[in-house]
Structures are given as C-alpha cells and as structure tokens.
Amino acid sequence: MAHGPSQNFFSRWLFSTNHKDIGTLYLWFSFAMFLLGGFFAMVIRAELFQPGMQLIKPEFFVQMTTMHGLVMVFGAIMPAFVGLANWMIPMMIGAPDMALPRMNNLSFWILPFAFTILTSTLFMEGGGPNFGWTFYAPLSTTYAPDTVNYFIFGVHMMGASSIMGSINIIATVMNMRAPGMTYMKMPLFVWTWVITAFLLVAVMPVLAGAVTMMLMDINFGTSFFDAAGGGDPVLFQHVFWFFGHPEVYIIILPAFGVVSQIIPTFSRKPLFGYSSMVYATASIAFLSFIVWAHHMFTVGMPIAGELYFMYATMLIAVPTGVKVFNWITTMYKGALTFETPMLFSIAFVILFTFGGFTGMMLSIAAADTQYHDTYFVVAHFHYVMVAGAVFSGTAAVYYWLPKWCGRMYDETMGKVQFWIAFIAFNITFMPQHFLGLAGMPRRYSDYGLQFTDWNMVSSIGAFLYGGAQLLFLYNVIRTIGWGKPIDDPQVWEGAEGLEWTVPTPAPFHTFSTPPVVK
Amino acid sequence: MMKRAKALFLGLLRPSSLLLAGSVSAESVTRQLNMPRGVTEVSQAAYDIHMIMIWICTVIGVLVLGFMFYVMFAHRKSKGVTAANFHENLVVEVLWTVIPALILIVMAVPATTALLKVYDTENPDIDIKVTGYQWKWQYEYIGEGVKFMSELRTSQDEIYGRAPKGEHYLREVTQPLVIPTNKKVRFLITGNDVIHSWWVPDFGVKRDAVPGLFTAAWTKTDQPGTYVGECTELCGLGHAFMPVVVEVKEEAEYEAWLAGKKEEAAIYASTIGKQWTFDELMVKGEQVYGRSCAGCHQVNGEGITGVFPALKDSPIALGPAEGHIAILIDGVAGSAMQSFAEQLSEVEIAAVVHYERNAWGNDVGDIVQPINVLNFKQSQ
Ligand code: HEM
Ligand SMILES: [Cu+2]
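Here the protein sequences come in this chain order: F and C. The opening position of the first sequence corresponds to residue 6 in this note's numbering, with each subsequent residue numbered one higher. The opening position of the second sequence corresponds to residue 2 in this note's numbering, with each subsequent residue numbered one higher.
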C-alpha cells in the first residue's frame, strides 16, 4: 500500500491529503505571512523613527497597524502552530495521518484566499481596514471604508479554516491514538493542542457572530452597535473580547506545548510535573473564558464588574506560574546543553515570564487606567506573543526540521540568529514599556518630541529583529537543500517519544501499522 | 535628526548615560521611564499600586529566574553532570500553587481600595461634560452656559516637516480645559461619532468616550499647572492629533476666567446679526476649514478618492447655499460626515460654507452670512 507523494508538483501540493505535506504548506504559508506582517511592522517603525509624518500619511498608518495585527495573529502565528500540529500530532500519537485528511486540505487552502482578499483591500479605493485588529464599532461599521465587507468575508473564511482544523485535531486525538497511548501518556504538545482546539471551536463562532452583526449594521440597516438606533458600541467589545481573550491563549498554549517538549530533551530529564502541566493548561483554558472584560477596564463598567474581572484575571497567574516552575524544575539537576532550540525555549521562559509580570500589572484595574491603550500594553503582548509564540515556533522548527528533512541545520548560524533575535527583540520592546508609562498611546502615527529617543531605539531594534528573520529563512532553506545529511532516528540525544522512533527523514507515511505504547 | 540619532547611538554604547544624563533636548520628559505620580489622589493610588506590583514582580523574578540561571550554570552537561530522573514532588507542587495564590489575595486588597477611589464620583463641586469628536474635544461647563471646542494647534506644516517643530509639538490646543484647584470636578464623558478616550496621566483619569453612553470620572488637585494628555482609543486617522490639555488655576483666577468666557459668549451671540464682508468670511473660513474639515477633505479640497469626497467642483459646493448649509448642520447619516451644528458657531459655519464655495477655483461668488445659518437652524 505504501506509496510516495505524487510526482506532479501541482497535484502533490494542491490535492494533498498527507498530514506532512499539509503541515509543510501551513508552515511555509505562515512564514510568508510572517514576512508580510513583518514588512508592515517595518513600515510602522520607520514612520515612528522620529516625530512628524515622514513616509506615509496617517490614514495609511492606521491601515498598517491594523493589517500588521491581523496578518500576524491570524496569518502567521495561528497557521504556524496548525502546521506543527499537522506534522507532529500523528507522529506523536502513533497515527498514520489526520482523522479527516480531505478536510485538512480544505482548511489549509482556504487560507491563501482569505489573506489574498484581505490584503488586496490595501489596493482598493478607500484602502484596507483602518480600525485596528480589534475593530471596535462604530469605527469599523458606520465609519469604515466600504472594503470592510472584504475584511468581514476574510474573517469568516479564516474562522471556517480554524474550526475545520480544530475539529480535525480533536477527531485525530480522540480516535487515532496508538494502542496503549492513554490520554495521560500523550506528549504535552498534543495535550495543549487538544485544549486549544476546543477553545477554537468555542470562540471562532463568536468572532463570526461579531463580524456578521457588523455586516448587518453596515448593509442591512440593523443597529447592533449603533447607539443612534438603540444599539450599543460596548456590546461589540464584550462580544469581541469573549472571542479575543481565549484567542490569546489559543496562540500561547501550543507554544507551551512546544517548549514542554524541548526543555526535557536538552535537559536529558523527563518533564517535571506532567499531570500538573495538563491540569494547569486546562485551568488556563477555563479561566480564559471568564476574564474577557479586563480589556475594557476604562469603558465605564459598574464597579462590581470591574472588581470581578480584576480578581478573575489575577487568578490566571497561578496556573501560569505552575508552568514556569515546572519548566525550571525540569532543568534542575538535568544535564543541560544549549542547542538552538533550547536557547529559544529558555528565552521563551524568561521573556514569557516577564510578559506574565506585566500581565499581572495590567490586571490591576486602577493601574490599568494608566496603562490601557498605551505602549505599555503593546510591550506586554509582544513579550507574550513574539517572545512567547514566535520564539517557540522558531524553536520548534529548529527542533523538528532535522527529523522532517533528514538534514542538520547549521548550529552556529542558528545560534547567531538566536542572539540577534534575542537582543533585538529586547531593544525593540523593552523601551516600549517606558514609552507607555511615560504616556505614549498605542496606534499613534505621530508623537510629541518627548518620546523621540525611545522610539528611535525601538525602531532600530525592530529592523535588526527583522534582519534576524531573513537569516532564519536562509538557514532553513540551506538546511533543506544542502544541510549535512543525518539518518539517526533519534536526532537529539535526550529526545523521547514516538516521533523519534520513525526513520530520519520521516517517510511520507509513518505508523501505517500502529506502534504499541507500553 | 541625524545628530540626534548619533547622540542617541553613542548614548546606547554607554547605557548609564542614556538613562541618567541628558544629551539632547527636552531632558526631563525624554528620560522618563516610569509612570508619573501625578497630582491627584487617584493618580497617586494608581502609582502606588503600580510600584507595589513592580517590586513584587521584581522579587519573584529575581528568585525564580535567578534560580534558573543558577541551574543553567551548575547543571550543564559540559560539566560532566549526569541527569537525575525525578519528575514529581507533591510538596513543592502544592507549595508553588498555594504561595502565589496567597500573594494574590494580599495584592487584591490595595488593588480594591485603589479602584474604589477611581469610582468615587459622588458629590462633585463642578460638572463638566466632555465630548469626543473626530478629532477634537468639546468641553461644556454644565449649568454655566460655557461650551467650547479644544483642537490641536500644531500646524500641518510642522507635522509634515515643512516647518520646524515647536517645543509643544502635538501637545498644544486652541483652548485648554480650565479647572480650579481644590474643587472636586466630575467629568461626564461621551463620544459624538466613534469611541475616543479621554486621558490625563497626571490626574489618573482615563475614560472611554462612547457614543450613546455617559461615563463619569473625577479629579481634584491642589497643584496649579498645565497638564497634557491624549486620546487613547483609536478613533480614525486623526487619533494622534487630538491631545487633551488641562489648565488648573487657583480658584479666583478660575472664576475670573469663567466670567470672561461667559462674557465672550454674550458678545459672540451679538455678532450673529453682523453683516460680514466677502474677504472677512474668506479669512475666517479658511481657519475653520483648516481645523475642522481639512483632516478629511484635505487642504486642497480634493478629498481622498473613495473615502472622503472632494469639495472642489462638488455639486453641493457649487449649488444653492441652503443645501450646503444643510449638510453641515445635519451631517450625512451613516458616513463620517458628522453634524457640525453643535461643534461650530453660526459664524463659523457661515464662514466655512462661504470659503468652500469660493476657494480652490470654486467661484459661486455669493456671500453666506451667519444670519442665514441661524435662519436655517430655526426653520428646522
Ligand atoms: C499572566 C497572564 C496574563 C495576564 C494576567 C494578562 C493580562 C492582560 C490584560 C489585563 C490586558 C489588557 C490591557 C489593556 O488593554 O489595558 C492584556 C492585553 C493583552 N494581552 Fe495579556 N495577559 C496575560 C498573558 C497573555 C498572553 C499569554 C497573551 C498572548 C499570547 C496575551 C496577549 C495579550 C494581548 C494581545 C493583549 C492586547 C490586546 C489588544 O488590546 O490589542 N496576554 N493582557
Ligand atoms: Cu486578555
């Protein structure tokens, strides 16, 4: 039965139902989006290099901030982890493929169309979306350019793609585990992804509801969010954040999973507190549904609501802390080595913890009055999303790439990239805390002279960080094309798990007969 | 700019100098790294809890990450260690769940008291209604008959680099809000078009200005001075260009200012009947246009294709004056063209309509007088 991929380039990639090929597609797509979103960020940082409007007009600036956020969140980070899930989940649980391979193909191929539609609005009359990635009504309804309809359509498509991808992951994990692979034996990456998939299935429809209400308000005369017609703009924010807060955990949970695979490998020691990791992930997921209005502390909620959302948000620190302690204790008394994936994972732990601290500060409603919608918040979420999700995604690629293509990446280049990325990241985002505290609001196309210096520092860091990504791209291409061939299934000395039992490079079909897990 | 960049770069090589010494202009503000302590009970409460949080996080961070660094140095394979094999320990796991939870409970106490202060809006001495417009603020002293717009005063030339930037670049407005010391002032905040957010860091006041909703915030300070803030909710392309400036004056001074404002309003009312000349209206109209209209319709009246219509050669600008006035008074439903009836006076509306009909090659040639606008309003 075993046969290889189609020899025809188009039928191989367009019609693929193979989890590895689809995983590859997701990963390349997400990297392309990462570069596109990164390009938008470079435009933003170039304009903010000094006060005054130098390069672009304010109306284009807001389109850039909006598109940067949308492309990074929905186009780069989320598909990257779906790609990793596609590649790794079947190999980790001893399944031959995903449970629903055709749907897998569809859920990927929707994405390029969704993002083509979204990006093409930049070239249309009226310009692209200009209301921020949080698209608060009525700026995104009554006051939006006509192209908002394309945006809504695009969001619907991404939502459909995510829901299909999630259903697939849930179905795979529930039905296709190898004999003996009980739930509490699954690798943590699989666990975090199942929980993430449930989050996605729960909240993507809420996002779809929000944009559908927008669509109705814009085109069919309803007034969900229009105060003049008896609607309520604040309703929009509740609906959006009911999606939006779980969304941030959708982004970070798979990253937790990746790091929980890598740290034990390079510590040569099993993950500390496996079951508490699972419970912590589940409690974070649960809490993520009941804290949404911490994004709305300044909207004028009644004090009871404000207090409730403050306390609930503070609680998240407990399971998050448990995770950090577990990672560090995994390293304790291990035999550590510091290959590139490990470096990125350690940086993840340090910088994510830092982002968690600023998260704690933001959860204090009275202080958030000062932080909200300033660069302090921008700094916070880049610490958790870039140093969190992006670093762990990079770590994952370095970690599994040798298994995927049977060639070793260049370790020195990997380390160089790590150090540039690590230093540049901090140059970019550390000063943004100062800017925010000193009073610079976010989404500003221009600023007073007192903010000049830190903005310059931040921009310089951003360009460097962008450069590091090109090095990453080069390293990956070089590995795939000309890397040193390896054939040890184990790849990393300390690696544990089924994915390391299959040959290197991983053949097109793995586990056609299920392994038995003791 | 290059010089500044170079100074900065050199500063970076010597990190301490960047933080401590001021090598370039506007030292004190430029070097600000932390939240201002501010001048009100609320801002100080926010600052205090902010500092408490920073210290708690620093201590935890140093302990936890310090331990991690110790592990990274002590337990590396290159030192010849062999890995242990433990992966559970109920006692530490319970401890590191319970201890953070206890810390949180302790933190919740000051967090709650600080928030109660933010919400203590009862029994004000003065009520001021704050309305966010795209892209300016309107202040109305409730019960005093005083109401005015506060708009950015920085010129487009400064913004676009055609003129040197002044010291107060983007921190200056046509008319600041004025409040007295030692009085509890309550702000009733709302939005006219999209959501804005009214923020004065030194007061610790930040409240969203949501259309259709009034929210309350308050302030009271004994320190006279000028306090600058910003709009902090994305409100369109002019988001960065609608600062908040508040002047806190001693009570007597404030009373004098308020009396002056009332008088001004009375005088203004009497000018409505005056007949203006063509050129007077053009001059006034150009100012109003620059402040209130050019943001969308552009200085040259050509708009932005597909978003904001051109006024140059527009049928409305060239048609009967009535229709042109009507658009300003009523706005265009469902679009960014809002009603200016509340924002601009009759004189300003007359002037700007007149200007639009006679600028950029539009040449209707008629004169629109304030009284025409008043009549139109009354006929509605
Ligand atoms: C200890 C955990 C965390 C806490 C307590 C926390 C708390 C908060 C709070 C209170 C805000 C609202 C700030 C404001 O707008 O004024 C916020 C914003 C944000 N957080 Fe977190 N956070 C945590 C972790 C995370 C993680 C893991 C992510 C994502 C990977 C994340 C992503 C974001 C994003 C994207 C925003 C800004 C959304 C926007 O307005 O555009 N946070 N966080
Ligand atoms: Cu949140």
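Glycine included, C-beta positions come from ideal geometry on N, C-alpha and C.
Identify whether Thr71/F lies in helix, strand or coil by the three-state DSSP scheme.
-> helix
Alpha-carbon spacing of Met96/F relative to Asn224/F, whole angstroms = 47 Å
Could you have a look at Cys232/C and say whether DSSP puts it in helix, strand or coil?
-> strand
Note down, one range per segment and in chain order, each alpha helix (DSSP H) of at least 4 residues found wholly within the region 309 to 344 of chain C.
-> 316 to 319 and 322 to 331
Please name the residue, chosen from Met221/F, Thr217/F and Ser288/F, that lies closest to Ile200/F on a Cα-to-Cα basis.
-> Ser288/F
Taking only the alpha-carbon atoms, compute the straight-line gap between Tyr376/F and Met243/C and give it to the nearest angstrom.
-> 19 Å
Any C-beta of chain F sitting closer than 8 Å to the C-beta of Phe188/C?
-> no
Beta-carbon proximity list for Phe309/C, same chain, < 6 Å, skipping 5 on both sides = Cys297 and His298
Taking the C-alpha atoms as reference points, what is the distance between Ala267/C and Pro371/C?
-> 16 Å
Whole-number beta carbon distance between Leu214/C and Thr233/C, since they are thought to touch under 8 Å = In fact, because the Cβ distance is near 17 Å, the residues do not count as touching under 8 Å.
Whole angstroms is fine: what's the gap from Gly164/F's alpha carbon to Thr217/F's?
-> 12 Å
Closer than 7 Å: Val216/F CB and nearest ligand 2 heavy atom | no
If you run the structure through DSSP and keep just helix, strand and coil, what is Tyr120/C?
-> coil
Under 8 Å between C-beta atoms, does Ala287/F make it to chain C?
-> no
His51/C CB to nearest heavy atom of ligand 2 below 7 Å = no
CB of Thr363/F within 8 Å of CB of His385/F, strictly = yes
Under three-state DSSP, which class holds Tyr449/F?
-> coil
Can Phe300/F be considered in contact with ligand 2, in the sense that its beta carbon sits closer than 7 Å to one or more heavy atoms?
-> The sequence shown places His at residue 300/F, rather than the Phe named in the question. Correct: His300/F has its Cβ closer than 7 Å to ligand 2.
Report yes or no: is there a C-beta of chain C within less than 8 Å of the C-beta of Pro346/F?
-> no
Reducing DSSP to helix, strand and coil, say where Ser293/F ends up.
-> coil
Cβ-heavy atom distance between Val296/F and ligand 3 below 7 Å?
-> No copy of ligand 3 appears in this structure; the ligands present are ligand 1 and ligand 2.
For Ala218/C and Thr122/C, believed in contact at Cβ under 8 Å, the rounded distance = 7 Å
Return the chain-ordered list of same chain residues with a C-beta closer than 7 Å to the C-beta of His73/F, the five sequence neighbours on each side being excluded.
-> Gly42, Phe45, Ala46 and Ile49
Verify whether the separation of the beta carbon atoms of Ser350/F and Val264/F is less than 8 Å.
-> yes
Per DSSP, what kind of secondary structure is Ser167/F in: helix, strand or coil?
-> helix
Min CB distance Ile305/C to chain F below 8 Å = yes
Heavy atom of ligand 2 within 7 Å of Val522/F beta-carbon = no
Answer yes if the region 431 to 441 of chain F comes into contact with the region 459 to 477 of chain F, meaning at least three C-beta pairs across the two stretches below 8 Å, and no otherwise.
-> yes
Thr59/C, buried or exposed, once every other Cβ within 10 Å from all chains shown has been counted against 16 | exposed
Extent of the continuous beta strand (DSSP E) to which Ala217/C belongs = Thr216 to Thr220
DSSP-derived helix/strand/coil call for Val201/C = strand
Own chain residues within Cβ distance below 6 Å of Gln176/C, not counting five before or after = Phe149 and Ser151
Rounded to a whole number of angstroms, what is the C-alpha to C-alpha distance between Thr278/C and Ile368/C?
-> 8 Å
Looking at the unbroken beta strand (DSSP E) that takes in Gln139/C, where does it start and where does it end?
-> Lys137 to Tyr142
Proximity test, Cβ basis, 8 Å: Glu248/C and chain F | no
Near Ser171/F, which residues of its chain fall below 6 Å by C-beta distance, leaving aside the five closest residues on each side in sequence?
-> Ala202, Leu205 and Val206
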